[in-house]
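Novice: Residue numbers (the working numbering): 185 to 353. The beta-carbon is built from N, C-alpha and C at its ideal position, and this holds for glycine as well. Every value quoted in this text rests on a predicted model; they were computed, and no experiment measured them. I'd like to ask you about the structure that follows.
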């Protein structure tokens with residue numbers, strides 16, 4: 185770390201010492217384990233540490249709560265994806281069951297897709313996933329979602345555009 189980062193690091197370190205126990209206690213009320221609460225609390229401070237503009241913070245607990253909630257929602261979304269994928273695997277014939285390595289890669293790919301599509305409207309996400317994951321045609325997607333084929337085409341264009349922009353980053 186450079187000398188310019190030291191005051192910021194010291195400031196965040198002070199916030200950590202003052203607010204980490206409080207944040208962990210707050211997160212434990214919403215999460216199924218103390219370890220998950222501690223992980224999210226630690227990640228909250230890491231994100232704060234990586235934001236050099238964070239000095240001074242007028243309402244540290246409000247900011248810490250906002251960051252932690254976002255991380256908690258990401259955790260829940262990741263768990264929901266994993267659960268849905270594992271449920272789909274259980275319904276698949278035994279010959280289609282992937283190895284643990286393949287399973288980990290597929291879950292990571294699903295998480296990446298979820299992050300990539302984050303912020304798009306639900307129908308745009310659903311359209312993209314029905315097309316790319318389920319292999320449905322545009323007419324089938326239109327019938328499934330109760331929208332026009334033109335909307336399916338527009339939604340796919342938005343989702344693909346998002347993917348291409350992210351790929352260029």
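#1: Starting from residue 296, follow the alpha helix (DSSP H) in both directions and report where the run begins and ends.
#2: Using the three-state DSSP reduction, which class does residue 227 fall into: helix, strand or coil?
#3: In angstroms with no decimal places, state the Cα-to-Cα distance between residue 329 and residue 346.
#4: Whole angstroms are fine: how far does the CA of residue 322 sit from the CA of residue 199?
#5: CA-CA distance, residue 216 and residue 293?
#6: On the DSSP letters alone, give me the boundaries of the alpha helix (DSSP H) that residue 308 sits inside.
#7: Since I believe residue 229 is in contact with residue 269 (beta carbons under 8 Å), could you give me their beta-carbon distance rounded to a whole number of angstroms?
#8: How many angstroms separate the CA atom of residue 283 from the CA atom of residue 244?
#9: Find the nearest neighbour of residue 236 within the set 261, 196, 262, 218, judged by alpha-carbon distance.
Specialist: Based on what the coordinates show:
#1: 284-301
#2: helix
#3: 21 Å
#4: 52 Å
#5: 25 Å
#6: 306-316
#7: Going by Cβ atoms, the distance from residue 269 to residue 229 rounds to 31 Å, so no, they are not a contact pair.
#8: 45 Å
#9: 196
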